[in-house]
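For what it's worth, my numbering labels the leading residue of the sequence shown as 144, then goes sequentially.
These notes are about the structure you will find just below.
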Amino acid sequence: MSKKPDSHDDPSGLDGLQVNFGGRTFSRRQWFTGAAAGAAGLWLASRPESLLAAAPRSANVKAKAKAVIQIWMWGGPAHLDTFDPKPEAGGDYCGSLDKPIATNVDGVRIGQLLPLLAKQADKYSIIRSMTHGNNGHETASYMVQTGWPAGGRDVFPAVGAVVSLFRGRQAGYEGLIPPYIVLTEPQGRFSEAGFLGPRYKPFATGGDPNQKPFAVEGVVARGISDQRQKARRKLLDNLNTLGRAMEGNSRLEAFQTAEQQAYDLILGDAGKVFDLSEEKDELRDRYGRSTFGQSCLAARRLVEQGVKFVTINYKGWDTHKQHFQIMQRKLPEMDKGLATLLEDLADRGLLDSTIVWWSGEFGRTPKVQSEAPWNGGRGHYGPVFSAVVAGGGFKGGHVVGASDAKGEEVRDRPVYPWDLIASMYELLGIDRKEKLRHPHGHSVAVVPSVEDGVKSGGILQEII
């Protein structure tokens, strides 16, 4: 790569970093556009390939859910301050959040800073007995997102990658937008694709949906008009002497197909799914003019377009210090975005076919850490925490399991990450005994069972 001075007078747009390939020079953006927008190119250019160890058991299973929106509470939210309040435990446990509020479901209370979600409780169910006992971000994230214990020889794929495998091209998905999207950046704690390989990695949008425009990596570029994009494409075609000289070459044809599809995303109708300005201002305000709120709106637009799995990586929940000050800001933001998402999906007839899954990697210490240096923070806590599920065949208005009086242990009905994920797979029409082919030649199930040495409370029959 070489550096060329910026030129605002060059209509070709060949400015910035340059890439030399086959004796020709491209701008960095032209190169990545030709490669079909980075990670999306792996989806656009690749051919379907079976990674199943045998004929799919799920082929004839009728699915209730068509898509999943995962609200990933990056860092771990406090269960006592959200969906499992314990005011009777006293100030050492509740701090200033000691006044839970009633919901529209008799007998169910949630945290006092979630009044909008309290009005939507008939749409979701709360699992108050999630457990895995792990207090490390990386290992706990892996367990909750893949449904497999950490530390084994295999790196298992996250739920989104498995859904992409079963509900992507093998199930007839033909969308230009990859079936597995992350808003807006991956966690980076483990490979979401695991042993399935890079084709099943999520397409991470980058950018910020609360900004105008939402600068989706490789699809939307700030300050570059459609006219300029078309001029760049025309110039790239004119420079493509190698492609014309090697017409019929299968590798180049795959590259050119990816380029064509990438431009269809950039200049065609498919990419408009990321243009949130098409939505009414009133609805955008209801979601909240925050990165999270607008990510929820973007997620709704994506599943409406047919995308199968959307993860919203929602940062800011690793509150070792200033916990209650942060909750005063973050919880109302979450309340607004998530409550509006549930209502909007329901109003559009999408909630019945879309699972909404709210969870972090663990909860936070029930007892407030008042000593220095934490001075009112909460630490990592894996023995018991909460998750919320809605839609896609999950019943609303229920509470599954319970923690003890201080939220320190599971009191009844333990639910392990693989139990919850197996339940989602069932609703998605994916047989939990389905076998995946590992690159090293052996086969593994999509989720572990007691035969694999894990504890299990079983799938969530109470709410399916």
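Ideal placement from N, C-alpha and C gives every residue a C-beta, glycine not left out.
Query                                                                                              : Result
Nearest to I320 (by Cα), restricted to the options I573, E447, R507                                : E447
Residue nearest to G254 in terms of C-alpha spacing, selected from G492, G536, P228                : P228
Inter-residue Cα distance where the pair is T274 and R332                                          : 20 Å
Pair within 8 Å by beta-carbon distance, E577 and I607                                             : no
S284, enclosing alpha helix (DSSP H) - first and last residue                                      : 280 to 289
Cβ contact check for the region 478 to 495 and the region 515 to 530: 3 or more pairs under 8 Å    : no
Beta-carbon spacing of H544, I270 below 8 Å                                                        : The sequence shown places Gly at residue 544, rather than the His named in the question. Yes.
D428 - containing alpha helix (DSSP H), residue span                                               : 424 to 430
CB contact flag (I602, G290, <8 Å)                                                                 : no
Nearest candidate by alpha-carbon position, reference C237, set G315, D555, R580, L223             : L223
Residues sharing a beta bridge with Y236, DSSP                                                     : Looking at the DSSP assignment, Y236 forms no beta bridge with any residue, so it has no partner.
Limits of the unbroken alpha helix (DSSP H) element including T434                                 : 434 to 448
For K473, three-class secondary structure by DSSP                                                  : helix
V587 versus F309: straight-line alpha-carbon distance, rounded                                     : 15 Å
G177 (DSSP reduced to helix, strand or coil)                                                       : With a pLDDT of 41 at G177, under the threshold of 50, the predicted position of this residue should be treated as unreliable, though the coordinate-derived value follows. Helix.
Proximity winner among T246, L481, M567, relative to S496 (alpha-carbon distances)                 : M567
Under the three-state DSSP convention, the category S496 falls into                                : helix
According to DSSP, residues forming a beta bridge with Q512                                        : G520
Among G436, S307, L579, S592, nearest to D562 - alpha-carbon criterion                             : S592
Helix, strand or coil at Q213 according to DSSP, with G and I counted as helix                     : strand
Minimum C-alpha distance to L326 - residue among T434, G522, R556, N247                            : T434
Residues near N278 in its chain [Cβ-Cβ closer than 8 Å; skip 5 each side]                          : F505, G522, H523, Y524, G525
Identity of the residues DSSP links to Y568 by a beta bridge                                       : Y568 is not bridged to any residue.
Whole-angstrom C-beta distance between F346 and Y323, which should lie under 8 Å                   : 7 Å
Counted within 10 angstroms of its Cβ, other Cβ atoms place K423 as buried (16 or more) or exposed : exposed
Close beta carbons around V589, own chain, < 7 Å, minus the five adjacent residues each side       : V305, Y568, I573, R575, E577, L579
6 Å CB neighbourhood of N247 in its chain, flanking five on each side removed                      : K262, A264, D265
Rounded separation between A178 and H466 - CA only                                                 : For A178, the predicted model reports a pLDDT of 40, less than 50, meaning its position is unreliable; a value from the coordinates is still stated below. Spanning the two alpha carbons is a distance of roughly 44 Å.
Residues near G480 by beta carbon distance below 6 Å, same chain, minus five either side           : Y430, G431, F435, G436, C439
Whole-angstrom C-beta distance between V558 and S546, which should lie under 8 Å                   : Not confirmed; about 11 Å, so no contact.
For F299, the first and last residue of its enclosing alpha helix (DSSP H)                         : No alpha helix (DSSP H) contains F299, which DSSP labels as neither H nor E.
Residues bridged to G506 [DSSP beta-bridge criterion]                                              : Y524
Residue from I212, A208, G218 whose Cα sits closest to the Cα of L445                              : I212
Separation of V302 from P560, as counted between CA atoms                                          : 11 Å
heavy atom of the ligand COA below 7 Å from V543 C-beta                                            : For the ligand COA, the structure offers nothing, since it holds no ligand at all.
Three-state secondary structure assigned by DSSP to K415                                           : helix
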